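Asker:
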Amino acid sequence: MPEQRVNRRQFIKATGAGALATGIGANIIVPGRARAAKKTLKILQWVHFVPVYDEWFNKKLAKEWGEKNDTEVIVDNIGIAGINPRATAEVSAQKGHDLFLFNWPPPSFEEQTVDMKDVYQEVEKKIGKPIDLCIKSTYNPKTKKYFAFSPSFTPDPVNYRQDLWSQVGMPNGPKTWDEVRTVGAKIKKQFGNPVGIGLANEIDTAMALRTIMYAHGSHEQDAAGNLTLNSKQTLETIKFVKALFQETMTDEVFTWDASSNNRAMIAGKLSLALNAISITRTAEKENPENSKKIQLTKALKGSVRAIGLEHVMQCYVVWKFSENIDGAKKFLVDYTTNFRQAFVAGEFYDFPCWPKSVPDISKLIANDPKGHPADKYKVLDDVLEWATNVGYPGYANAAIDEIYSTWVLNVMFAKAASGAASPEDALKEADAQCRRIFGKWKEKKMV
Amino acid sequence: MSHDTVTSEAHARAPARTRRLAFLIDRPQWLGAVMIAPAVLYIALVVGLPFFLALYYSLTDITAGSRTLEFVGLRNFAAIIDTPKFQTAVQNTFIFAIGSQVVVIVLATVLALALMKDFRGKWLVRLLILLPWVAPMSLGSIGWLWIFDSIYSVINWTLEAAGLITADDWPMYLGKPYLAMASVITVHVWRLLPLATVILLAGLTSIPKEIHDAAQVDGAGFWRHLFQVTLPLVRPIMLVATLFGLVFAFTDMIVIFVLTRGGPYDTTQVLSTLAFFTGIQGGDLAEGAAIAVSLFPMLMAVAIVFLRIARRTEVI
Amino acid sequence: MAHPGWARRAAGRTAHAGIIGAFMLFTAFPFYWMLITTFKSTGDLLRRGNNPFIYNEAPTLENLRVLFQDTLYVRWLWNTAFVGVVVVAITLALALPAGYALARLTGRWGEQLGIGIFLTYLVPPTLLFIPLSRLIAILGLQDSLWSLVLVYPSFTVPFCTWLLMGFFKAIPPDVEEAAMIDGLSRFGAFVRVVIPISVAGILTVIIFSFTLVTQEFVYALTFISSASQYTVSVGVPTFLVRGDVYFWGSLMAACFIASVPIAILYNFFVDRFIAGFTVGAIK
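Heads up: the protein sequence lines correspond to chains A, B and C, in order.
With my numbering applied, the first sequence covers 159 to 605.
With my numbering applied, the second sequence covers 979 to 1294.
With my numbering applied, the third sequence covers 1356 to 1638.
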């Protein structure tokens, strides 16, 4: 909307054009940067889904923090596709940014990152303990090291079309995965709107399928980090996903990238999808009528539990070769203890890993000016209790990360669902791959 | 003629810089070395050194985050070679590369032959045919992503409007194994067709007219003329076009990265994308390097054979 | 010649037009599509069932506004052009003498070396960027367009050296010999006589190198992280694919605007390019 536009423009002016004017290839925020004694703090993070967040972060937060700490803060924003390549390049070069944000746990970089234990302690002193998900995504129990620090994560709730689900007697959406299957099939038959759980090589698929797995007691590993993929529960889950696909979905789920379920949901095609609140936020801007029909609900119950995943896990690392380690750590402490501002600036996209950093979170999300109804996002007020990490109930370790990045589980489910392989064979193949990947990283003594 | 007069004349004419190099005149080998040195040095430094480093990575246990590496010999290669994921990727790589090159060469030949003729509007036609070549491919691929979209595909909309398909059986271009492979090949052909056509046009233009005339005197029909006279004559240049295209298909991953990321279920996963997902996204740099390197010997063999043939069958 | 009847000629002409038309549809349709999408409002674009060929809602300049005002697109175009021009210059500076030396001065080992240089062209960038980032840090070039200027010739020089070698071989040696009898040194003859008659080959190198530069993605993605230093191929997707939302209209506009002028420019030179390539590639 108009307000949005102005913001976006201001944002670019602040980041790019400002730098252009100074003639230096960086987003310089603080004026009078020539003073010699001044420290610099270079931050690299993604181009946030919510443009206003970048504007706030780069222009306001970084500037104010810099003034207070006599530091020149430089923020660079890059695309998600560039994060890992860039990190690898910085490590290889032993030079780069002081504070580097991954949008997922980066366990394979552990050797190059500073232990964040003191940051955790410092923040804990001020605002109490973080949620379990936060530790599980940034701590390696094998080496007893915090390889990253996480101030926040993005929930992955269920988006459903209230108008459709109302007509089959479920105005509040489904509560269990079995309902998605049976009622979803009914909706598809009656109104032609399929369910949309991706089966492609992309992040939304990876998250949604793990949600279904964990809800049905199927896991890549146990709490101690032993591979447990090959289980009766996993086989059952594969069969369930296959049935779910055959009864409620169409072939389009094989074609998707991370943006497709957003589009399909906003276009009014799907009856249900899993995603961050990017679907509803985009709908509010682009298709306000439809946005009223799309509502959110909590994690669905499987045969074992109701559990949801993080969609994006904000994990900051400080490289050992960083030139301002103390500044980076201090920035993190300050950012996290004042996360409420970030929460609001990001339009609730990022939720706190530290519950007390946004004490009035329930009140905030119960009254959102853009949501329809105003308490649309209220269902998320206990998300800190039902969201979990990739690799649950264990830690997000390097093996889990490689399994995730090479789409092993996505392929397993997709092969079975499409009939390209039987559920048993798909599981066998995936298990062999996981076994190899776990073996590799165990040998490197990182898992 | 005396040596002195020649050099003094040269001094008089040549600028100062050339004069300083004048002592090399009589030693072509010296001059050759001096002239070639910058390029060789540059390549050694910016390609050679990093390449051997990467090669070395594939023989170690390096990860994205590690700096202490241990030599492990061929273990990374041994580890990947048996995995179905790697084998599928090798197979897909060849299908993708060879499939797209066969199509490119056939289409480029037809198109180049058609463009040999003069006709009205040729300038515009040529412009439109050149377009894909100059498009930044990351954006060109996004354009195709939109054309293949599962909901908004213009191809499907048109087919449906024409009554050829119904809304329920829209082809999912990126969602069915064969269709997805056909789609990424199509986009790759689209991107390489203009250059291949231009190269072939070059080959066709260079055939002396007398040869065509002679064939006509012999009474060769269109097809015989094409297959027995024209095509053999452009074969060397065609090999060059093919080689260039093959290299691109083997090493460049942007098309597949944007369109399918190897999906559906790894049926378009090629070595370059698998290396990226394993080494860069997954953090196992050593294995990623091994995957990327594993194709190099084959590519090198192909290239050497191609170059030799191309040079040997010098025609004109 | 035996039965040239008008019917047959007409049929031939129709077939010819059909073939040309089909190819044009294939190569140019995506650009036509980009052009249409450029002016579409998001609502129009994303309403299911809308006829995608027409403007169901009034055309809008919003996508262009986003592209030009909210991103640094113009700056990225300049960056790309700048890197392209400098890389072309470096490529010529390295490949011209090298190609000449390989063609004339190095004898038998020249061919082997030529093939060797060409082979380096086969090394995939997905592999090279990691060690290269080290080199760039040592030189202090990270986050600067100069890092691309340094690295891009690695994929233009090998092919162009090899191309120019073929090109110079095709020039009769008498040309330089005559110039040398007239008093020029070998190098002088190369600079003043050989280069001027090699315009076609040089043009080939220019077009070829410039195109590869505008296409490059992996190096630009890993060596550059500040918005003002991006090239088009990285900057545009970085800022117009936000999280999981594509700004379709602006993306398509960006691709269209970056492509068409270059295609027009190339079209003027295509005949010379063809001439250059023929000699260069097969001699």
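Heads up, the beta-carbon is just placed ideally off N, CA and C, and yes, glycines get one too.
Keep in mind that this is a model prediction, so the values were computed, not measured.
1. Among C:Val1596, C:Met1607, C:Leu1505, whose alpha-carbon lies nearest the alpha-carbon of Val1568 of chain C?
2. From B:Val1283, B:Met1278, B:Gln1007, B:Ile1287, pick the residue whose C-alpha is nearest to that of Thr1475 of chain C; which is it?
3. I believe Gly1471 of chain C touches Phe1523 of chain C by the beta-carbon criterion, under 8 Å. Please report the beta-carbon distance rounded to the nearest angstrom.
4. With DSSP run on the structure shown, which of helix, strand or coil describes Ala431 of chain A?
5. How about Tyr1243 of chain B and Ala578 of chain A: do their beta carbons lie closer than 8 Å?
6. Determine the DSSP secondary structure at Gln203 of chain A, reduced to helix, strand or coil.
7. Pick out the complete beta strand (DSSP E) segments inside the segment 225-255 of chain A, 3 residues or longer, and give them in chain order.
8. Report the option in B:Asn1054, B:Thr1245, B:Glu1188 whose CA atom is closest to the CA atom of Thr1208 of chain B.
9. Along the segment 553-567 of chain A, where does the CB come closer than 9 Å to a CB of chain B? Name the residues.
10. With a threshold of 8 Å, are at least 3 pairs of Cβ atoms found where one atom belongs to the segment 1589-1597 of chain C and the other to the segment 1408-1428 of chain C?
11. Just reading off the beta strand (DSSP E) that Thr1566 of chain C is part of, what are its end residues?
12. Output needed for Leu1263 of chain B: all residues of its chain with C-beta closer than 7 Å, excluding positions within five of it in sequence on either side, in chain order.
13. Exposed or buried, what is Ile187 of chain A when buried is set at 16 or more other beta-carbons lying within 10 Å of its beta-carbon?
14. In this structure, what does DSSP give as the bridge partners for Arg1597 of chain C?
15. If you drop the 5 nearest sequence neighbours on each side, which residues of the same chain put their C-beta closer than 8 Å to that of Lys294 of chain A?
16. Looking only at C-alpha atoms, which of B:Ala1281, B:Ile1232, B:Ala1270, B:Phe1072 sits nearest to Ala239 of chain A?
17. Which residues in chain A have a C-beta closer than 9 Å to the C-beta of Ala1492 of chain C? List them in chain order.
18. Quick one: complete alpha helix (DSSP H) runs, 4+ long, within the segment 416-474 of chain A?
19. Any beta-carbon of chain A closer than 8 Å to the one on Val1441 of chain C?
20. Taking C-beta pairs closer than 7 Å, name the residues in chain B that Val569 of chain A reaches, listed in chain order.
21. Scan the segment 1396-1445 of chain C and note each continuous alpha helix (DSSP H) run of 4 residues or more that stays entirely inside, going in chain order.
22. What are the start and end residues of the alpha helix (DSSP H) that includes Phe215 of chain A?
23. Is the beta carbon of Ser1564 of chain C sitting closer than 8 Å to the one on Val1438 of chain C?
24. What residue from A:Arg319, A:Arg339, A:Leu385, A:Asp314 has the CA that sits closest to Ile361 of chain A's CA?
25. Could you spell out where the alpha helix (DSSP H) holding Tyr1034 of chain B opens and where it closes?
26. Does Asn555 of chain A come out as helix, strand or coil in the three-state DSSP assignment?
27. Identify the contact partners of Glu268 of chain A in chain B, using a Cβ-Cβ distance below 7 Å as the criterion.
28. Suppose you measure from the CA of Tyr1651 of chain C to the CA of Val1162 of chain B; what does that come to, to the nearest Å?
29. Between Ala1057 of chain B and chain A, is there a C-beta pair that is closer than 8 Å?
30. Can you tell me where the beta strand (DSSP E) with Ala1046 of chain B in it begins and where it stops?
31. Name the chain A residues whose beta carbon is nearer than 8 Å to that of Gly1604 of chain C?
32. If you reduce the DSSP assignment to three classes, tell me which class Val1283 of chain B lands in.
33. Does DSSP put Gln379 of chain A in a helix, in a strand, or in coil?
34. Would you tell me roughly how many angstroms separate the C-alpha atoms of Met1535 of chain C and Val1548 of chain C, rounded to the nearest one?
35. Nearest-angstrom Cα distance between Ile1287 of chain B and Pro1214 of chain B?
36. Runs of 3 residues minimum, wholly inside the segment 1487-1548 of chain C: which ones carry the beta strand (DSSP E) assignment?
Answerer: Working from what's here:
1. C:Leu1505
2. B:Met1278
3. Actually they are not in contact, since the Cβ atoms of Gly1471 of chain C and Phe1523 of chain C sit about 18 Å apart, beyond 8 Å.
4. strand
5. When the beta-carbon positions are compared, Tyr1243 of chain B and Ala578 of chain A come within less than 8 Å of each other.
6. strand
7. 229-236
8. B:Glu1188
9. Ala556, Asp559, Glu560, Ile561, Tyr562, Ser563, Thr564, Trp565, Val566
10. yes
11. Where Thr1566 of chain C is concerned, there is no enclosing beta strand (DSSP E), although the alpha helix (DSSP H) it sits in stretches over 1554-1570.
12. Tyr1035, Ile1040, Thr1041, Ala1042, Gly1257
13. Its pLDDT being 40, under 50, Ile187 of chain A is placed unreliably by the model, and the measurement read from it follows with that caveat. The residue is buried, with at least 16 neighbouring Cβ atoms inside 10 Å.
14. In DSSP, Arg1597 of chain C forms a bridge with C:Val1600.
15. Thr546, Asn547, Gly549, Tyr550, Gly552, Tyr553, Ala554
16. Ranked by how close their Cα comes to the Cα of Ala239 of chain A, the residues B:Ala1281, B:Ile1232, B:Ala1270, B:Phe1072 have B:Ile1232 in first place.
17. Ala247, Glu248, Ser250, Ala251, Gln252, Lys253, Gly254
18. 418-424, 436-444, 446-451
19. no
20. In chain order: Tyr1243, Asp1244.
21. 1397-1401, 1417-1420
22. Note, Phe215 of chain A: premise wrong, no alpha helix (DSSP H); not H, not E.
23. no
24. A:Asp314
25. 1027-1035
26. Judged by DSSP in its simplified three-state form, Asn555 of chain A adopts coil rather than helix or strand.
27. Gly1043
28. Any property of residue 1651 of chain C remains undetermined from this structure, which presents chain C solely from 1356 to 1638.
29. yes
30. Per the sequence shown, the amino acid found at residue 1046 of chain B is Thr instead of Ala. Annotation for Thr1046 of chain B: no beta strand (DSSP E) segment contains it, and DSSP assigns it neither H nor E.
31. The premise fails here: Gly1604 of chain C is roughly 12 Å from chain A at the closest Cβ pair, so nothing lies under 8 Å.
32. helix
33. Strand at Gln379 of chain A.
34. 10 Å
35. 7 Å
36. none
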